[in-house]
Amino acid sequence: MTNLEKYNKAYIEIFEITENQLGLELTYQSIDNWDSVGHMGLIGELEDTFEIMMETDDIIDLDSYEKGKELLKKYDIIIE
Amino acid sequence: MNYEEILLIPPYSLDKEEKQKVMTDYLKELSCFHVDHSFEYKNIVDKLWGGKETLKMADSYYEFPFLSVSLFKKLELISVPKEEVVKTMTSSGTTGQQVSKIFLDRDTSSNQQKTLAKIVANFTGSQRMPMIIIDCPSVIKDRAMFSARGAGILGFSIFGSKKIYALDDDMKLNLAGIKQFLDEHKGENILLFGFTFMIWQHFYQELLKSEESLDLSNGILIHGGGWKKLTHEAVSKQHFKKSLKELCGIEKVYDYYGMVEQTGCIYMECECGHLHASIFSDVITRRMKDFSVCDIGQKGVIQVVSLLPKSYPGHSILTEDEGVILGEDDCACGRLGKYFEITGRIKNAEVRGCSDTYEQK
């Protein structure tokens, strides 16, 4: 699986959404399941998937699907 | 200054004069915002505080209007359109008690989390740690409607890397699970979080009964929710700390004071045992007879002001707690701002559920 596929899979599984819901529109609180509980679930899933540990500031800043891609670069995870 | 700019200031770095200016400017604007956006709040300010014009002329936040905390149980106070509410928090009152309802929009909710992270990182560092949550998983089940306990757990979860709940949904201590977790994380610092009463009742006492031991000498325990229930059992703060240290070797134990009406800007206990106000909020003690401001060292009813509440007018609240300001800008721990202690509840206050209201079944 490519990094992008892994990245997408985390969102799809945690938020129980379909692939066509991924994109610019997908932001924190934009769907019911991406609330503060869902958020911690997503972080946990991304950390397990990519074997990283994110900093607290980045956890707070990750407020959209696109922003997440950018933030993961800090951890040497390139998603394209 | 806007809130993003304030968040960049280290949380205990402003002295009395600087803080006075930041707070007064920000809270004046915030109070006016609530007058303009909450009909109920405007009514109260008009009838009891001389309206917005009086507010605008006041030169210190000490003179700004405050609401009694019990009002949040009687009225639905809100300053944004209802459809912008993403989360509603409640004080965890038990059946028969009225609960406070606090309405959060996306910005207020996100600022709460950011503020909490700044404050707590000042005590634990910003690195995340394996975390033991001393509560049961079902406490955050209803995701749109949080109790104070749920909100606390969720807010602190950001500091946890791997997490485990110490209790199962029947409130039984999962000792085997905790032992395995500690084994997996040998040598690492461990964050423990929970409500004071839950820790005492369901963790400490159960562990004591089990006659087994846990090594938590690498642990940092943060707990809050009040001492009311434990005072009935004659458990003092000192006794609580000493007992936990003797049983599991835990040295770092930090209490905090906070309330669901002002989630985020908690008052953490420092190494000297004092509760501290950060730059995001403040405490003022007032004399019961006329609500005039107490001197340092004098006991009074506690007013809390916070820069956070934007979606509801909870930025200045008179609590039902009684306390003493011990000093300002001169605590031996080096943090600036006021430091204080809570001494109890004011007399005749409605018996009120705060987060420690958890009734035994």
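In order, the protein sequences belong to chains U and V. Just add 12 to wherever you are in the first sequence, counting from 1, and you've got the numbering used here. Just add 15 to wherever you are in the second sequence, counting from 1, and you've got the numbering used here. From the three backbone atoms N, C-alpha and C, an ideal C-beta is built for every residue, glycine too. Note that this is a predicted model, so its numbers are computed, not measured.
Is any heavy atom of the ligand FMN found at a distance shorter than 7 Å from the C-beta of Asp-73 (chain U)? Absence of the ligand FMN is noted for the structure shown, with no ligands found whatsoever.
Does the beta-carbon of Asn-126 (chain V) have 16 or more other beta-carbons within 10 angstroms, so that it is buried, or is it exposed? buried
Comparing C-alpha positions only, which one of V:Glu-284, V:Gln-142 and V:Glu-266 sits nearest to Lys-256 (chain V)? V:Glu-266
Cutoff 8 Å; reference Leu-63 (chain V); Cβ partners in own chain excluding five residues on either side: Pro-80
Considering only their Cβ atoms, is the gap separating Leu-197 (chain V) from Leu-188 (chain V) smaller than 8 Å? no
For the beta strand (DSSP E) that Gly-279 (chain V) lies in, which residues bound it at each end? Here Gly-279 (chain V) belongs to no beta strand (DSSP E), and DSSP marks it neither H nor E.
Of all the residues that make up the region 65-90 of chain U, which are near chain V by a beta-carbon distance shorter than 9 Å? Met-65, Met-66, Glu-67, Thr-68, Asp-69, Ile-71, Ile-72 and Asp-75
Could you tell me if Gln-277 (chain V) is buried or exposed, where buried requires 16 or more neighbouring beta carbons within 10 angstroms of its beta carbon? buried
Does the pairing of the region 324-336 of chain V with the region 208-217 of chain V give three or more beta-carbon distances under 8 Å? no
Which bits of chain V does Gln-41 (chain U) rub up against, with CB to CB less than 8 Å? Val-101 and Arg-121
With distances taken from CA atoms, which of V:Phe-118, V:Glu-98, V:Thr-69 and V:Ala-73 is nearest Leu-92 (chain V)? V:Phe-118
Starting from Arg-350 (chain V), find everything on chain U with Cβ-Cβ shorter than 8 Å and list it in chain order. Simply none; closest approach about 20 Å.
Nearest-angstrom Cα separation, counted from Gln-313 (chain V) out to Arg-301 (chain V): 9 Å
Limits of the unbroken alpha helix (DSSP H) element including Leu-42 (chain V): 31-52
Rounded to the nearest angstrom, what separates His-444 (chain V) and Tyr-76 (chain V) at their Cα positions? Residue 444 (chain V) cannot be examined here, being either before or after the span of chain V that is shown, 16 to 376.
Residue from V:Asp-40, V:Thr-246, V:Asp-30 and V:Gly-264 with nearest C-alpha to Lys-71 (chain V): V:Asp-40
In terms of residues, what are the limits of the beta strand (DSSP E) holding Asp-120 (chain V)? 116-120
Buried or exposed for Met-144 (chain V), please, with buried defined as at least 16 other CB atoms from any protein chain shown within 10 angstroms of its CB. buried
What residues in its chain sit with their C-beta under 8 Å from that of His-200 (chain V), if we drop five residues either side in the sequence? Pro-145 and Lys-177
Can Gly-338 (chain V) and Ile-317 (chain V) be called in contact, C-beta distance under 8 Å? yes
At a Cβ threshold of 8 Å, is Phe-174 (chain V) touching chain B? In the displayed structure, chain B is absent; the protein chains listed are U and V.
Buried or exposed for Leu-131 (chain V), going by 16 or more other Cβ atoms inside 10 Å? buried
If you measure from the beta carbon of Met-52 (chain U) to each beta carbon in chain V, is any gap under 8 Å? yes
Checking the sheet assignment: what are the DSSP bridge partners for Ile-205 (chain V)? V:Gly-234
Could you name the residues of the same chain whose beta carbon sits closer than 7 Å to that of Arg-350 (chain V), not counting the 5 residues immediately before and after it, in chain order? Tyr-27, Cys-285 and His-291
Check for me: the alpha helix (DSSP H) holding Gly-9 (chain U) runs from which residue to which? Only positions 13 to 92 of chain U appear in the structure, and residue 9 (chain U) is not among them; the question remains open.
Would you mind reading off the limits of the beta strand (DSSP E) that contains Leu-333 (chain V)? 331-343
For Ser-303 (chain V), I'd like the list of residues in its chain whose CB is within less than 6 Å of its CB, leaving aside the five on either flank, ordered along the chain. What sits at residue 303 (chain V) in the sequence shown is Met, not Ser. Excluding residues within five positions, the ones whose Cβ falls inside 6 Å are Val-316.
CB contact check: Ile-21 (chain V) to chain U, cutoff 8 Å: no
Am I right that Ser-141 (chain V) and Glu-67 (chain U) are in contact with their C-beta atoms under 8 Å? What's the rounded C-beta distance? 6 Å
Residue of U:Thr-39, U:Asp-69, U:Ile-72 and U:Thr-61 minimising C-alpha distance to Asp-13 (chain U): As written in the sequence, residue 13 (chain U) is Met, which differs from the Asp given in the question. The residue with the shortest Cα to Cα distance from Met-13 (chain U) is U:Thr-61.
Going by DSSP, what residues sit across from Leu-182 (chain V) in a beta bridge? V:Leu-188
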